[in-house]
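Undergrad:
In the working numbering, the protein residues as written are 12 to 224.
1) Note down, in chain order, each residue of its chain lying with its Cβ closer than 6 Å to the Cβ of residue 85, except the 5 sequence neighbours on either side.
2) Within 10 angstroms of its Cβ, does residue 72 collect 16 or more other Cβ (buried), or is it exposed?
3) Which residues mark the beginning and the end of the alpha helix (DSSP H) in which residue 205 is found?
4) Taking the alpha-carbon positions, what's the residue 163 to residue 170 distance?
5) When you compare only the Cα positions, how much space is there between residue 173 and residue 180?
6) Would you decide whether residue 87 is buried or exposed? Buried here means 16 or more other CB atoms lie within 10 Å of its CB.
7) Taking DSSP's pairing of strands, which residues face residue 186 in a bridge?
8) Determine whether the beta carbon atoms of residue 214 and residue 187 lie at a separation below 8 Å.
9) Pull the bridge partners of residue 158 from the DSSP assignment, please.
10) Measuring only the C-alpha atoms, how far is residue 192 from residue 216?
11) How is the alpha helix (DSSP H) around residue 131 delimited, first residue to last?
12) Only counting the same chain, and skipping five residues up and downstream in sequence, which positions put a Cβ closer than 8 Å to that of residue 204?
13) Is the Cβ-Cβ distance between residue 48 and residue 63 less than 8 Å?
14) Is residue 116 near the ligand SAM - that is, is its Cβ less than 7 Å away from at least one heavy atom of it?
15) Work out the CA separation of residue 95 and residue 126 for me, nearest whole Å.
16) At which residue ranges does the region 79-118 contain complete alpha helix (DSSP H) runs of 4 or more residues, listed in the order of the chain?
17) Once you ignore the five residues that flank residue 168 on each side, which residues in its own chain have a CB closer than 6 Å to its CB?
18) Taking a contact to mean a Cβ-Cβ separation below 8 Å, would you say residue 46 touches residue 114 in this structure?
19) Ignore the nearest five residues each way along the sequence and tell me which others in residue 108's own chain have a CB closer than 8 Å to its CB.
20) Secondary structure at residue 57, three-state DSSP: helix, strand or coil?
21) For the candidate residues 51, 130, 44, 89, whose alpha-carbon lies nearest to that of residue 77?
22) Assign residue 194 to buried or exposed, taking buried as 16 or more other Cβ atoms, counted over all protein chains shown, within 10 Å of its Cβ.
23) Compare the C-alpha of residue 219 against each of 146, 91, 178, 51 and name the closest.
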């Protein structure tokens with residue numbers, strides 16, 4: 012009888028241990044499910060809703076992963092089975108995480124651009140119009156991406172001022188006529204720049220980089 016009692020006691024204890032282990036496992040995920048937020052984000056981003064969405068969805072990533080583990084035993088990061096529920100949970104988790112990552116990258120890029128001298132208005136224009144920082148830099152100085160014969164603008168005036176500083180004898184009137192075109196062509200040839208007399212994007216970037224020299 013004693014042997015039977017001992018065996019029964021061992022079985023009961025084993026069952027209790029297994030049950031407790033299962034409960035603890037549900038409460039303690041096998042991996043760290045918390046989303047790791049970036050430190051290099053722009054806290055003064057031009058659209059505050061994006062910043063709020065970044066932190067909200069980031070917390071939702073960890074919350075969803077914990078919920079799936081505790082309530083359904085599904086490890087969304089590394090599903091242990093290939094059933095439909097596990098796949099759906101993993102797909103949703105990965106989409107949520109990827110969206111949060113994209114917001115973080117956007118905020119990080121904004122902070123990096125501000126360190127390069129851009130402001131919120133500039134960054135908003137770059138993002139909304141799909142233009143490059145180089146293109147915006149040209150537009151801010153010259154008004155558009157290239158200048159051609161017949162143009163009349165402040166950008167032509169800036170172009171002429173640069174050429175005059177380089178020794179060219181041309182009018183400084185904002186009109187892109189023959190004298191300016193010939194000076195541009197000569198400068199392009201001497202500096203290995205394409206364009207044949209047209210002020211291309213490469214020439215305008217070159218001028219921006221060298222206008223104080």
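No residue lacks a Cβ here, since even glycine has one placed at the ideal position from N, Cα and C.
None of these values were measured; they are calculated from a predicted model.
TA: According to the data block:
1) Start at 1 with the first residue of the chain shown, and residue 85 comes out as number 74. 79, 97, 100, listed in sequence order.
2) By one-based count along the chain shown, residue 72 stands at place 61. The residue is buried, with at least 16 neighbouring Cβ atoms inside 10 Å.
3) Start at 1 with the first residue of the chain shown, and residue 205 comes out as number 194. Note, residue 205: premise wrong, no alpha helix (DSSP H); not H, not E.
4) In the chain shown, the residue the question calls residue 163 occupies position 152. In the chain shown, the residue the question calls residue 170 occupies position 159. Roughly 11 Å separates the two Cα atoms.
5) Position 162 of the chain shown, counting from 1, holds the residue named residue 173. Position 169 of the chain shown, counting from 1, holds the residue named residue 180. Taking the Cα positions, residue 173 is about 11 Å away from residue 180.
6) Position 76 of the chain shown holds residue 87. Buried, because 16 or more other Cβ atoms sit within 10 Å of the Cβ of residue 87.
7) Translated into positions along the chain shown, residue 186 becomes position 175. Residue 186 pairs with 163.
8) The residue given as residue 214 occupies position 203 in the chain shown. The residue given as residue 187 occupies position 176 in the chain shown. Against a cut-off of 8 Å, the Cβ pair of residue 187 and residue 214 comes out as no contact.
9) Working through the chain shown from its first residue, we reach residue 158 at position 147. Residue 158 pairs with 210.
10) Residue 192 sits at position 181 when you count from the first residue of the chain shown. Residue 216 sits at position 205 when you count from the first residue of the chain shown. When rounded, the distance between both Cα atoms is 17 Å.
11) Position 120 of the chain shown, counted from the start, is the residue given in the question as residue 131. Taken as a continuous stretch (DSSP letters only), the alpha helix (DSSP H) holding residue 131 covers 131-140.
12) Residue numbering aside, residue 204 sits at position 193 when the chain shown is read from its first letter. Answer for residue 204: 198, 211, 213, 214, 217, listed in chain order.
13) The residue given as residue 48 occupies position 37 in the chain shown. The residue given as residue 63 occupies position 52 in the chain shown. Not closer than 8 Å, so no.
14) Absent from the structure shown: the ligand SAM. Ligands present: none.
15) Here residue 126 is taken as the residue at index 115 of the chain shown, counted from 1. Here residue 95 is taken as the residue at index 84 of the chain shown, counted from 1. Roughly 47 Å between the two C-alpha positions.
16) none
17) Residue numbering aside, residue 168 sits at position 157 when the chain shown is read from its first letter. Excluding sequence neighbours, residue 168 sits near 185.
18) Looking up residue 46 in the chain shown gives position 35. Looking up residue 114 in the chain shown gives position 103. Not a contact, by the Cβ cut-off of 8 Å.
19) Taking the chain shown and counting its residues from 1, one reaches residue 108 at position 97. Within the same chain, residue 108 has close Cβ partners 46, 72.
20) Walking along the chain shown from the start, residue 57 turns up at place 46. In this structure, residue 57 counts as coil in the three-state DSSP scheme.
21) Numbered from 1 along the chain shown, position 66 holds the residue referred to as residue 77. For the residues 51, 130, 44, 89, the minimum Cα distance to residue 77 belongs to 44.
22) By 1-based counting over the chain shown, the position of residue 194 is 183. Answer is buried; the Cβ neighbour count reaches 16.
23) Position 208 of the chain shown holds residue 219. Selected option, being the one with the closest Cα: 146.
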